[in-house]
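Worksheet for the structure shown next.
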Amino acid sequence: MRRFRFSDPGFQTDFAAFVAERRETPEEVDAIVRDVLAAVRSNGLAALLRYARDFDKVELTEATLRVGVDEIEAGARACPRDVRDAIAFAADRIRAYHERQRPADQRFVDDAGVELGWRWTPLDAVGIYVPGGRAAYPSTVLMNAVPAAAAGVGRIAMVTPPGRLQPAVLAAAQAAGVTEIWRVGGAQAVAALAYGAGPIRPVDKIVGPGNAFVTAAKRRVYGVVGIDALAGPSEIVVVADGANDPNWIAADLLSQAEHDPAAQSILITDDQAFAEKVAASVEEQVKTLSTGEAAAASWRDHGAIVIAPLGESPPLVDLIAPEHVEFAVDEPEQLADRVRHAGAIFLGRHAPEAVGDYVAGSNHVLPTSRAARFSSGLSLYDFLKRTSLVKCDPAAFARLAPATIALAEAEGLPAHARSAAVRLGQAKA
69 MRRFRFSDPG FQTDFAAFVA ERRETPEEVD AIVRDVLAAV RSNGLAALLR YARDFDKVEL
129 TEATLRVGVD EIEAGARACP RDVRDAIAFA ADRIRAYHER QRPADQRFVD DAGVELGWRW
189 TPLDAVGIYV PGGRAAYPST VLMNAVPAAA AGVGRIAMVT PPGRLQPAVL AAAQAAGVTE
249 IWRVGGAQAV AALAYGAGPI RPVDKIVGPG NAFVTAAKRR VYGVVGIDAL AGPSEIVVVA
309 DGANDPNWIA ADLLSQAEHD PAAQSILITD DQAFAEKVAA SVEEQVKTLS TGEAAAASWR
369 DHGAIVIAPL GESPPLVDLI APEHVEFAVD EPEQLADRVR HAGAIFLGRH APEAVGDYVA
429 GSNHVLPTSR AARFSSGLSL YDFLKRTSLV KCDPAAFARL APATIALAEA EGLPAHARSA
489 AVRLGQAKA
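In structure tokens:
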């Protein structure tokens, strides 16, 4: 864990260098991913089944590739009642939040008499990648599928690595209305969603987090399909004064550190004594976590404590452009209103980032690796398309045509100019 003091000479340079450090695992995966994508594109189902055998050590057939409706229902029933209730609670809140984002269609006539507007339509088909591995991620299902369903997406196809499907994941799929689930993971799953493979039909957009292979595959298929983002390691900044319980703040820092050894947790505070208490609490709490090994590595290698006046925290947050930032102070809006670059902002001492991950209702799929400078978290808009509308009567066209002709000729595009001129009787078709 690094320590920085705002008043130290060289702070700005040193802290900027720290923020710019790459945290992704330096794996050489692109060549492997390129070959996997090419194989699935060429050989479809046969390639998927081969990769399941070679990579996942699972023997699948076309008949066992899809998770049946009966299996989804049985898995959901096997989920403990309190978890099912929590999933339903979260799904309702996520649905309500995202439905409020629905934009309106517009039609209007401007001063030239031109009728203009736009309309919104949902995507036809979306693929959702749900990671397997160390843990079950029902929240990933909810955060991706519920907004897609709320937007009116006609088909939602979920892929997840083969193996035992956790009951909580199946309960979340059922709560979100997902009935198409495939036992396929990794880059080959991305390829199947992008190009189609056997019974898996291609989609229009792929969303959801994954490992380095999944991320590399999403980068390569972008353009064939849309993608949500290229997810990097998770991150949190906590801006806190000395009036906080240090154990609360330590837990908040660890809530992101436990995701991945490459995750990043940063505390900004104006109270040196409080900072030391938080650091001590982190060291104690990490010993009690089942995820302690990852959390300890994250805090050791990428964590930081910054001693700075709280009034200086907004520009520091903007420099970091974090996935999450908490303002654990009495009047958090005074600081938060000055922040321009953050995926999600949590206001006050009783709004830990963890509620945003699950039940606040806002989306937890957020920009990482400083992408909050130019992008937003997942929303209803990711599952909608906007189409422009233009309508001219003869009088309105006559007002637009001269400038159209002049600009087309200036650009050396005579057919463009002619398409306007012939309607004015100034040229022959």
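Under the numbering used here, think of the first position of the sequence shown as 69, with each following residue one higher. Just so it is clear, CB atoms sit at the ideal spot from N, CA and C, and this is done for glycine as well.
- Per DSSP, the beta bridge partners of Q332 are E303.
- Shown here, G136 sits in coil according to DSSP, grouped into three states, outside any helix or strand.
- By the C-beta density criterion, G254 is buried, having at least 16 other C-beta atoms within 10 angstroms.
- Bounds of the alpha helix (DSSP H) holding M211 are 206-219.
- Between the alpha carbons of A439 and I413 lies a distance of about 15 Å.
- Straight through space, the alpha carbons of D160 and M226 are spaced by roughly 20 Å.
- Within the model, the alpha-carbon separation for H484 versus A478 is close to 11 Å.
- The Cβ atoms of I196 and V177 do not sit closer than 9 Å to each other.
- Of all C-beta pairs linking the stretch 278-297 to the stretch 315-323, fewer than three are shorter than 8 Å, placing the two stretches out of contact.
- In the pairwise beta carbon analysis, the stretch 211-225 is classified as not touching the stretch 123-142: fewer than three pairs are separated by under 8 Å.
- In the same chain as R408, and ignoring 5 residues on each side of it, the C-beta atoms closer than 7 Å to its own belong to D386, in chain order.
- The residue among A364, T132, P230 with its C-alpha nearest the C-alpha of G266 is T132.
- Taking the CA atoms as reference points, L448 sits about 15 Å from D272.
- Boundaries of the beta strand (DSSP E) around R251: 248-251.
- About 7 Å separates the Cβ atoms of V275 and D450, confirming a contact at the 8 Å cut-off.
- Cβ-Cβ separation between K453 and L191: approximately 7 Å, consistent with a contact (criterion under 8 Å).
- By the neighbour-count definition (other C-beta atoms within 10 Å, threshold 16), S456 is an exposed residue.
- With three or more CB-CB distances shorter than 8 Å, the stretch 385-399 counts as touching the stretch 297-307.
- Residue environment: R417 is assigned as buried (16 or more neighbouring CB atoms within 10 Å of its CB, all protein chains considered).
- Inter-segment contact for the stretch 370-378 and the stretch 326-341 is present: three or more beta-carbon pairs are separated by less than 8 Å.
- The criterion of a C-beta distance shorter than 9 Å is satisfied by G245 and A217.
- Nearest to V182 by C-alpha distance, out of A495, P171, A463, is A463.
- As the crow flies, the alpha-carbon of K459 is around 49 Å from that of A154.
- Buried is the label assigned to A241, since at least 16 other Cβ atoms lie within 10 Å of its Cβ.
- For P277, the secondary structure class from DSSP, reduced to helix, strand or coil, is coil.
- According to DSSP, E183 shares a beta bridge with V177, K459.
- For R71, the uninterrupted beta strand (DSSP E) run begins and ends at 70-73, by DSSP.
- Around the beta-carbon of F83, 16 or more other beta-carbon atoms lie within 10 Å, marking it buried.
- For T228, no alpha helix (DSSP H) encloses it; the enclosing beta strand (DSSP E) starts and ends at 223-228.
- Note on E326: 16 or more other CB atoms within 10 angstroms of its CB, so buried under the neighbour-count rule.
- Shown here, K125 sits in coil according to DSSP, grouped into three states, outside any helix or strand.
- A412: member of the beta strand (DSSP E) spanning 412-415, first to last residue.
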